[in-house]
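Under the UniProt record's numbering, the sequence shown has 247 at position 247, and the numbering climbs by one with no breaks. Where is the CB? At the ideal position from N, CA and C, for every residue including glycine.
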Amino acid sequence: MTTKAPDQSRLDGKTLSGLRRFGGGWLYVAIGAPLLGGALLVWQAWILSSVVGDAIQDGASLDVLAPGVITILALLLVRAALSAIGDRAGTAGSEAIKRTVRSLLFSNLLSRSPRAADQPQSGAAAAAIIDQVEALDGFFAKYLPAMIQAGLLPIAFGAIILPLDWLAGLLFLITAPLIPIFMALVGWGAQIATDRQARALSILTGRFADRLRGLLTLKLFGRDQAETAGIVSASDELRKRTLKVLRIAFLSSAVLEFFAALGVAGVALYIGLTFIEFLHLRSSPMTLQLGLFLLLMAPEVYNPLRLLAAHYHDRASAKAAIGEIEAQLGKLPTEIVPLADAPHSHQTSALGLTLAGLTLRTPDRARVILSDAKLTVAPGEHVALLGPSGIGKSTLLEAIARLRDYDGQIDIGQRPLTDWAENDLRDGITMLGQKPRIFAGSMADNIALARPNATAAEIRRAAELAHVAAFADALPEGLDTLLGDGGLGLSGGQVQRIALARIYLRDAGLILLDEPTAHLDAALEAAVLDDLQRFARGRTLIIATHSEAVASRMGKAWRIAGESLLSTPMPANAKRSIA
């Protein structure tokens with residue numbers, strides 16, 4: 001498996017830094033609270049060393065020491081509160097960033113055509129939006145505040161100590177920067193291992209989701225055991241990569257602890273030798289208060305670096321997550337793509353359609369489906385697209401709905417299709433495909449997917465128009481009956497009618513339907529079409545069908561046959577023909 005290029009790693013780091021603005025004021029609180037706590041720490045250590053020095057050297061009474069003890073307790077409480085506030089703010093800022101990033105990714109995913117060649121697999125997309133975005137949490141909640149602390153507090157502490165004791169201050173200022181250097185050396189290996197672990201997680205998640213979706217097919221062909229073994233093998237590979245990342249993370253912590261222990265031990269040795277007058281490096285004697293202050297501050301100088309080491313792995317995980325997100329979903333967008341709003345209360349005007357020089361190809365662009373097609377549908381017309389299955393009717397409807405790539409010109413409402421904003425287009429056009437999606441939930445919830453703020457009466461009316469109420473009322477819970485994912489337990493005609501009910505909740509000026517009555521008997525088909533045509537009065541309706549009976553009910557009809565589009569009168573109903 002290839003490793004990430006240094007330039008790409010820097011770009012991932014810049015992307016992470018750019019996401020900080022989504023954390024709002026919470027991140028500033030998360031960074032500022034520990035810094036204020038560090039300033040109070042110096043005050044607390046000085047007072048504590050003063051109290052102990054006065055008690056031991058001068059034999060001060062409890063009354064004299066009491067104000068200092070109370071101040072120390074108050075500082076402890078304030079520092080504890082600041083620590084809790086900093087942790088809470090870091091979590092809140094991180095949650096805000098993750099929520100925004102997920103919205104960015106999801107809206108960007110929805111803005112793409114579902115038929116696009118570069119559309120990611122659903123399992124990989126889910127892993128990127130859920131698991132990889134979750135990996136950003138530690139970076140913003142823990143690592144970022146720790147990085148600021150490690151960059152400022154040791155230097156500030158060293159600068160405070162330097163005038164009090166030049167040797168101790170110099171020791172702190174020299175040894176503290178060595179720790180990040182060694183951490184960076186270890187971190188290079190950690191980043192490579194983390195990138196590989198993130199990639200293995202995405203592959204496993206995508207593979208598991210795809211196999212789960214095709215479980216019935218695998219079972220029917222006797223491949224269930226082999227695929228189970230494959231999932232187990234991939235899981236074991238992910239386990240090994242995760243343990244490798246943890247091993248490097250522990251090594252990083254061990255390196256830091258080793259150098260931090262050496263630094264603290266060096267200060268303790270210097271103070272001890274100075275007190276027993278073995279060393280004479282000071283111009284004045286060292287007091288007990290100063291010695292205790294230096295001993296109290298010695299571990300605190302290295303503590304921000306320890307904290308940074310503890311969360312250094314979070315940085316590697318976040319950079320690997322950004323790389324994997326962009327590998328699966330493309331470059332991370334910087335703003336949310338507006339999605340369609342709920343339909344307006346007033347009726348949308350009928351939208352005309354014009355095709356000029358339209359050429360459609362298969363997704364791999366290897367075969368032409370339709371070549372140089374020309375077609376005009378006036379506003380308010382009801383039109384049928386005729387042709388056998390697989391001829392390209394569905395592809396043409398999807399191109400009109402901007403769900404397929406095409407060459408040529410498509411104008412809707414006298415505007416080029418490419419000029420329509422996404423929300424305006426989805427308000428103006430509604431489409432029902434051959435295989436509508438039914439989600440786990442009630443019938444009413446599935447119908448209301450077209451307009452989430454629809455009232456119960458509006459949902460009921462849509463169900464009646466689509467002849468859903470006829471079979472729903474026979475069930476104990478009616479429209480509140482829960483459905484399985486994919487419409488488990490429903491017939492093809494019932495699934496199609498539930499999806500058709502969604503059309504009745506929309507107020508679109510152009511309605512595109514793909515075989516809406518394919519699974520219905522003749523009597524029910526006629527009743528459904530009667531209600532559909534009444535609803536579509538004043539709207540433009542295009543129905544793709546292979547049924548002559550359905551086409552005969554439309555005002556005009558065109559037939560697709562081959563790659564050319566030729567207008568030919570249809571017998572009996574003055575239909576046009578595509579040949």
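Cα-Cα separation between residue i and residue j, rounded to whole angstroms
i      : j      : result
Ser284 : Phe275 : 12 Å
Leu529 : Val377 : 20 Å
Thr100 : Phe22  : 7 Å
Leu220 : Gly214 : 10 Å
Ile560 : Leu243 : 59 Å
Val52  : Thr15  : 50 Å
Glu257 : Leu104 : 40 Å
Trp558 : Ser107 : 36 Å
Asp254 : Ser49  : Looking at the sequence itself, residue 254 is Ala, so the reference to Asp does not match. Approximately 30 Å, taken between the alpha carbons.
Ala470 : Thr455 : 20 Å
Tyr270 : Arg207 : 60 Å
Ile130 : Arg196 : 18 Å
Ala342 : Arg506 : Annotation note: pLDDT 40 at Ala342 (below 50); position unreliable, coordinate value reported separately. Looking at the two C-alpha atoms, the distance is approximately 9 Å.
Leu36  : Ile148 : 12 Å
Per-residue DSSP class, three states only, for residue i
i      : result
Ala373 : strand
Lys435 : coil
Asp514 : strand
Ile447 : helix
Leu332 : coil
Val29  : helix
Trp558 : strand
Thr430 : strand
Ser389 : coil
Gly441 : strand
Leu281 : coil
Asp341 : Below a pLDDT of 50, predicted positions are generally treated as unreliable, and Asp341, at 41, falls in that range; no measurement from the model is reported.
His346 : No answer about His346 holds up, because its pLDDT of 43 lies below 50 and its placement is not dependable.
Phe368 : Per the sequence presented here, residue 368 reads as Val, with Phe not at that position. Val368: strand per DSSP, three-state reduction.
Residue i versus the options, residue with shortest Cα-Cα distance
i           : options                           : result
Ala466      : Tyr504, Gly509 and Phe439         : Tyr504
Leu375      : Thr359, Pro388 and Leu488         : Thr359
Ala318      : Asn453, Ser61 and Arg199          : Arg199
Asp87       : Ser349, Tyr28, Met554 and Gly158  : Tyr28
Ser442      : Thr418, Leu475, Lys142 and Ile410 : Leu475
Leu403      : Ala261, Val550, Ala265 and Arg112 : Arg112
Ser202      : Thr540, Ala321 and Ile271         : Ala321
Ala526      : Ser552, Leu216 and Ile271         : Ser552
Leu76       : Gly93, Asp58 and Ile47            : Ile47
Gly138      : Leu425, Ala74, Ala156 and Ala309  : Ala309
Arg79       : Ser94, Gly59, Val42 and Val64     : Val42
Val133      : Gln328, Leu246, Leu65 and Ile161  : Gln328
Ala536      : Leu35, Gly380, Gln494 and Trp26   : Gly380
Leu164      : Asp407, Leu520, Phe293 and Leu216 : Phe293
residue 584 : Tyr302, Ser547, Leu397 and Leu512 : Nothing about residue 584 can be read from this structure; the chain reaches only from 1 to 579.
Bridge-paired residues (DSSP) for residue i
i      : result
Thr354 : Thr376 and Asp411
His382 : Leu541
Gly455 : Contrary to the premise, residue 455 reads as Thr rather than Gly in this sequence. Beta-bridge pairing links Thr455 to no other residue.
Thr359 : Asp407
Pro416 : Asp411
Leu483 : Gly441
Val264 : Looking at the DSSP assignment, Val264 forms no beta bridge with any residue, so it has no partner.
Integer Cβ distance of residue i from residue j, believed to fall under 8 Å
i      : j      : result
Ala126 : Ile325 : Incorrect: roughly 12 Å between the Cβ atoms, too far for contact.
Val383 : Lys556 : 5 Å
Pro304 : Ala146 : 7 Å
Ile429 : Leu370 : So it is not a contact: roughly 19 Å between Cβ atoms.
Met286 : Ala45  : In fact, because the Cβ distance is near 16 Å, the residues do not count as touching under 8 Å.
Leu40  : Ile97  : Their Cβ separation, rounded to whole angstroms, is 28 Å, which puts Leu40 and Ile97 out of contact at 8 Å.
Leu288 : Ile56  : 6 Å
Ala522 : Val468 : In fact, because the Cβ distance is near 19 Å, the residues do not count as touching under 8 Å.
Asp480 : Ala440 : So it is not a contact: roughly 14 Å between Cβ atoms.
is_contact[residue i, chain D] using C-beta, thresh 8 Å
i      : result
Leu510 : Given the protein chain composition of this structure (a single chain), no chain D is represented.
Any non-hydrogen atom of the ligand FMN within 7 Å of residue i CB
i      : result
Arg539 : Of ligands this structure carries none, so the ligand FMN is not represented either.
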